[in-house]
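A.B. asks: The structure under discussion is supplied below as structure tokens; questions concerning it will follow.
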Amino acid sequence: MQLTVWTYEGPPHVGAMRVATAMEGVHYVLHAPQGDTYADLLFTMIERRSKRPPVTYTTFEARDLGTDTAALFQRTLISAYERFQPQAMLVGASCTAELIQDDPAGLAKASNLPVPVIPLELPSYQRKENWGAAETFYQVVRTLAGSGRAAVADADALKPLGSDGVPGNPPLPAGISPTRGEIVDVGAAPQSSMQDAKAQDDSGVRASSISPLVGEMPGRAEGGDAASLRSGQGDQLGPTEKNARRPSCNILGPTALGFRHRDDVAEIRKLLGEIGVAVNVVAPLGASPADIARLGEADFNVVLYPEIAGVAAKWLKRTFGQEFTTVVPIGHGATRDFVAEVRKLAGLPTEEADEAAEPASRLPWFSRSVDSNYLTGKRVFVFGDATHALAAARVATEEFGFTLCGLGTYSREFARDIRAAAERYGVEALISDDYLDVEAAIAAAQPELVLGTQMERHIAKRLGVACAVISAPVHVQDYPARYSPQMGFEGANVLWDSWVHPLVMGLEEHLLGMFRDDFEFNDAAVPSHLGSGVRVAAEPAVIAAPQMAEATLASAPADTLTTPEIWHVEAEAELRKIPFFVRGKARRNTEKFAAERGLSEITVETLYDAKAHYSR
Amino acid sequence: MNGPLNLAGGIAGASLPTKGCTERPVLRERGQREVFCGLTGIVWLHRKIQDAFFLVVGSRTCAHLMQSAAGVMIFAEPRFATAVMEERDLAGLADANEELDIAVTRLIERRPDIKMLFLVGSCPSEVIKLDLSRAAARLSERYAPDVRILNYSGSGIETTFTQGEDNCLAALVPQLPEVETAAPQLLVVGALADVVEDQFARLFDAMGIDDVRFLPPRRARDLPPVGASTRYLLAQPFLGETARVLEQRGASRIAAPFPLGAEGTTLWLKAAADAFGVDPMRFRSATAAAEARAKRALEPFRAELSGRSIFFFPDSQLEIPLARMLSRELGMQLTEVGTPYLHRQHLAEELALLPGDVQLSEGQDVDRQLDRARAARPDISVCGLGLANPLEMEGLTTKWSIELLFTPIQGYEQAGDLAGLFARPLDRKTRLRV
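Heads up: the sequence lines are chains A and B, in that order. For our numbering, add 494 to where a residue sits in the first sequence, where the first one is 1. For our numbering, add 14 to where a residue sits in the second sequence, where the first one is 1.
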């Protein structure tokens, strides 16, 4: 048993719901007791979807357990089919139903429904939400995508999706065109360049991307073909078939309840259009069973969220010979790498560098502009799902000039990637889904900015540290009305704005240091641009003072309580003149300095000796 | 001051019509229920009893429910947690018990401020027959007298939403000390907001009922006594099991409608006053000012809500008292009033006050009920969080039912606030031009 206060991931059937809810024409019948319907509100309230998730629950009770819960499942399945008339159905069990072993798969088969029924085996006591989403998407693809390379369709077969990009979602704002890549003239790539691209595949792109996360999904029977994955057998593609038309790809991974998935899809669709690559199918978000059946028609796959689409992408590679992207385009640099990788996979010539051209995102200039000097070396703690944590680590160090002081993930499936990256950054990897462990690690690392999930937002508030959200799980305020992708060049702009915003700005930071006694510049004050009336500041502004006091008392690494006896009163007072967001570091450095020299007391002199020592 | 108990009288007073409509037909539904399980009650109970901790023994689903269902991804560390069962806990009950002991030990070490720990059963713990009452007894022995360890079921296979509170309070009843006096005392049962509790305490005091206690108490150490001289008054309509075990301890129930709205509050207080032989003049002088204030507060809402139709999806068992209040005090038209469970005895006084043409339903088949709501096209639908936005998108104005549990709504001073909860969605609809 694991003692849990908050959880980063829900149970695996919630992952299945994320796939089912993302799709069109699919219905999920879940064998589950009363109360499991709470999951509906994740979609209708937190993500603010306007339709109920396409899920029917059997709602068995204790008194049913002695009777025939199997018959209840079958009745529910048939009436759900009759009411909703889906093109395909998913069936499975939640954690409790798993224990009563009614065999939804067998019951569904016996029901002889006239549509494909996909049984899901999601072990609730071993696996979690992202695994459930990946497994569900894999089963959907495996069942519906056919078993061999479909005849290559002509351009007309590339049926456009709804003009708003993703059916069932609010339309995109004006000016954000979900371009489908109607740039025809770059499509006719010669066969040789495509083959060349395959040959070079391992060199540039992978080296500069942080990690090819894909394919690290334990517990899947399909997990054993890493060798064929690396060998890149592009010759199965039959490139001659495609010479006459634009290359095309599928976009895989976006689901319901994903962190910015809606906007990431729009941004990447636009980017692919600019490169000259057509989008065949986006899945699961907005895809119908018929769309899934067309997956094999694309030349390659773009994997946006390896946690969800990795397993399916591998199966598609084995079955249809479709290569898939390994760079997740979060940040300016990663987006450029992604473009290069896509061009290679699409058989398009490498883009020549044009130094004079306007950069595609404003992040590079904003980061180089002199105003941003104050960001240099700020200590940043990164925690999230593996994809977003790895991407944030790269962006934070390479594109903001921050110093990484911690890196972690709750995605145990991708622990190896995180460990490897953490080693490169010289920090210890934190692989945990225990909120309390994460809180302790953050408190110990004493960051100035936390990039995390909704949970780290709580932690950062408790510790009085700035925080920006980079990964699921997130709450309702992280499903914004505005267009706000994390991916692509516009995504890089969004990262810039949302990570800098919580920080105390340059000049203000100096003034805070200079005038400690100013009544507005105290430890409890929030950055002045986050005053009342600004939504993100509302909570910190209200709770800052009492909560900081509470955190100080409650958590060991915080400020006053742990004062060792050796601090002289005057030194302690001097320490309090240092702004709170660097005070922890000053305290720690001074104590370390004193310990190394065997000093029995820390005086004002010691404090400044240590300051000089550590500033080199 | 305490006259002879009016055991026979109840509240068959002037303002109640004679019974007769309690035998109205009820539509009984069986199908998908769009409701929370009893675990959700922890969300308010852990705030009400300030030194109690609630440990759900369940699955990841339970933990996920607790954090997402009520929107309680709140900032401070809450006084609840989940011991998430894993594969190895299912292998054998001996192991599960051992694991549970480890989890409890870790918890108590971390939170030495805890004086009472509830082990809360869930669907999976009950299906594998993990006996939490034995676990509680075993652990109580180890941690007595510092921590009292109790257990109850909040599972979805046994409980619907507010029935979790019912089971929690029922688990407290055997712990209550025995009453040491033959003089009657009043026990008000059901979690109320602290502010409401204080208001009621003042009103009872003004009536001259001076031995009044509340269950649950704000502190685990402050358990009210119970015995044959205890008269209990339910403040919430969903406490069937608690009432049953209180009666086993010898307490007797004061039948009353529930304290929602000006009239409801007066009838509720009057039932207690009559049971304790309070002089009618003294009752009037204790309550008249507050009642008049409540009626004044309701007046503007009556103008807004009168004649509007309302449809209740089943949620908390508060539906029938709410429907009574909205129909009698605000003139709203009731279409369907759904409740997850209809306790005919505890709701007899409420049912008698409902208009004759209302459709009552018990249980749920959510898709069929949605069809009925679409056909009825009520001005306002009271429903859970899973249904609200989809209904809004269909053009039906909704009121989240969960807010009725997370807001102080009982008593005179809250009558206007309660009406405001129903008026606001309609007000909003008339304001918006988008």
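We put the beta carbon where it would ideally sit given N, CA and C, even for glycine. Since this is a predicted model, take the numbers as computed values, not measurements.
Under 7 angstroms Cβ-Cβ, which residues of chain B neighbour E555(A)?
C.D. replies: Near E555(A) (Cβ distances below 7 angstroms), the residues of chain B are I171.
A.B. asks: Along the region 529-546 of chain A, what residues have a CB closer than 9 angstroms to any CB found in chain B?
C.D. replies: Of all residues in the region 529-546 of chain A, G529, D530, T531, Y532, A533, D534, L535, L536, F537, T538, M539, I540, R542, R543, S544, K545, R546 have a Cβ within less than 9 angstroms of some Cβ in chain B.
A.B. asks: Under 6 angstroms Cβ to Cβ from A308(B), same chain only, skipping five residues before and after it: list those, please.
C.D. replies: Within the same chain, A308(B) has close Cβ partners A276, Y426, A429.
A.B. asks: Let me check understanding here. Comparing Cα to Cα, which of V864(A), R910(A), A938(A), K1071(A) lies closest to L1115(A)?
C.D. replies: Only positions 495 to 1110 of chain A appear in the structure, and residue 1115(A) is not among them; the question remains open.
A.B. asks: Terminal residues of the continuous beta strand (DSSP E) containing M130(B)?
C.D. replies: Residues 130-135.
A.B. asks: Taking 7 angstroms as the threshold (beta carbon to beta carbon), is W500(A) in contact with chain B?
C.D. replies: Answer yes: the Cβ-Cβ gap between W500(A) and chain B drops below 7 angstroms somewhere.
A.B. asks: Let me check understanding here. Comparing Cα to Cα, which of C589(A), I786(A), V836(A), Y799(A) lies closest to G767(A)?
C.D. replies: Ranking the options by Cα distance to G767(A), first place goes to V836(A).
A.B. asks: Classify D236(B) as buried or exposed, calling it buried when 16 or more other Cβ atoms lie within 10 Å of its own Cβ.
C.D. replies: Exposed: under 16 other Cβ atoms inside 10 Å.
A.B. asks: Hey, is C397(B)'s beta-carbon within less than 7 angstroms of any beta-carbon in chain A?
C.D. replies: It does not: the Cβ of C397(B) has no partner Cβ on chain A nearer than 7 angstroms.
A.B. asks: Going by the CB atoms, is the gap between V523(A) and V585(A) shorter than 7 angstroms?
C.D. replies: The answer is yes: Cβ separation under 7 angstroms.
A.B. asks: Pick helix, strand or coil for T176(B), following the three-state DSSP scheme.
C.D. replies: Correct three-state label for T176(B): coil.
A.B. asks: Would you say T54(B) and A77(B) are within 7 angstroms of each other, going by their C-beta atoms?
C.D. replies: No, they are not a contact pair.
A.B. asks: Quick check on M495(A): does DSSP put it in helix, strand or coil?
C.D. replies: DSSP places M495(A) in coil when its eight states are reduced to three.
A.B. asks: Residues of chain B with CB under 7 angstroms from P505(A), in chain order?
C.D. replies: S73, R74, T75, H78, listed in chain order.
A.B. asks: Checking contacts by CB at 7 angstroms: is Y619(A) closer than that to chain B?
C.D. replies: For Y619(A), the answer is yes, since a Cβ of chain B falls inside 7 angstroms of its Cβ.
A.B. asks: Verify whether the separation of the beta carbon atoms of V259(B) and A151(B) is less than 7 angstroms.
C.D. replies: No; because the gap between Cβ atoms is not below 7 angstroms, this pair is not in contact.
A.B. asks: Residues in its own chain within less than 7 angstroms of L652(A) by CB, not counting five upstream and five downstream?
C.D. replies: The predicted position of L652(A) is uncertain, since its pLDDT is 35 and thus under 50; no value can be drawn from it.
A.B. asks: Pull up the CB-CB distance for N181(B) and G52(B), whole angstroms please, since I reckon it's below 8 angstroms.
C.D. replies: With a Cβ gap of about 6 angstroms, N181(B) and G52(B) count as contacting.
A.B. asks: Counting C-beta neighbours from all protein chains within 10 Å, is the total for I116(B) 16 or more, i.e. buried, or is it exposed?
C.D. replies: Its Cβ having fewer than 16 others within 10 Å, I116(B) is exposed.
A.B. asks: Select from the region 131-153 of chain B all residues with a C-beta closer than 9 angstroms to any C-beta belonging to chain A, and list them in chain order.
C.D. replies: Residues S136, C137, P138, E140, V141, I142.
A.B. asks: Give the range of the alpha helix (DSSP H) segment to which Y929(A) is assigned.
C.D. replies: Here the alpha helix (DSSP H) through Y929(A) covers 929-939.
A.B. asks: Give the secondary structure of E390(B) by DSSP, where H, G and I count as helix, E and B as strand, and everything else as coil.
C.D. replies: For the record, residue 390(B) in the displayed sequence is Ala; it is not Glu. Note: A390(B) maps to helix in three-state DSSP.
A.B. asks: Are the region 263-270 of chain B and the region 95-109 of chain B touching, with three or more C-beta to C-beta distances below 8 angstroms?
C.D. replies: No, because fewer than three Cβ pairs between the region 263-270 of chain B and the region 95-109 of chain B fall closer than 8 angstroms, the two stretches do not touch.
A.B. asks: Apart from the five residues just before and just after V1098(A), which ones in its own chain have a Cβ nearer than 6 angstroms to its Cβ?
C.D. replies: Closer than 6 angstroms at the Cβ level, and outside the excluded window around V1098(A), lie E1064, A1065, E1068.
A.B. asks: Go ahead and pull the three-state DSSP assignment for W990(A).
C.D. replies: DSSP places W990(A) in helix when its eight states are reduced to three.
A.B. asks: What does the alpha-carbon distance come out to for the pair Q528(A) and R47(B)?
C.D. replies: So the two alpha carbons sit approximately 6 angstroms from each other.
A.B. asks: Can you give the Cα-Cα distance for T820(A) and V797(A), rounded to whole angstroms?
C.D. replies: Computed Cα separation, rounded: 7 angstroms.
A.B. asks: Return the chain-ordered list of same chain residues with a C-beta closer than 7 angstroms to the C-beta of P138(B), the five sequence neighbours on each side being excluded.
C.D. replies: G72, S73, M99, listed in sequence order.
A.B. asks: Taking beta-carbon pairs under 7 angstroms, can you tell me which members of the region 899-918 of chain A lie near chain B?
C.D. replies: Result list empty, no residue passes.
A.B. asks: Report yes if the CB atom of L133(B) is closer than 7 angstroms to the CB atom of L146(B), and no otherwise.
C.D. replies: Yes, the Cβ-Cβ distance between L133(B) and L146(B) is below 7 angstroms.
A.B. asks: Hey, does G400(B) have any beta-carbon neighbour from chain A nearer than 7 angstroms?
C.D. replies: Chain A contact via Cβ: present.
A.B. asks: One question on the structure: do P191(B) and P159(B) come within less than 7 angstroms of each other, judged by their Cβ atoms?
C.D. replies: Result no, Cβ atoms of P191(B) and P159(B) do not sit closer than 7 angstroms.
A.B. asks: Kindly list the residues whose CB is nearer than 8 angstroms to the CB of T891(A), restricted to its own chain and excluding five residues on each side of it in sequence; keep chain order.
C.D. replies: Cβ neighbours of T891(A) beyond the five flanking positions: T897, L898, Y919.
A.B. asks: List the endpoints of the continuous alpha helix (DSSP H) containing K838(A).
C.D. replies: Here the alpha helix (DSSP H) through K838(A) covers 826-840.
A.B. asks: Taking just the CA atoms, how far does K143(B) sit from A108(B)?
C.D. replies: Taking the straight line joining both Cα atoms gives about 12 angstroms.
A.B. asks: Per DSSP, what kind of secondary structure is N606(A) in: helix, strand or coil?
C.D. replies: In the structure shown, N606(A) sits in coil (DSSP, three-state: anything other than H, G, I, E or B).
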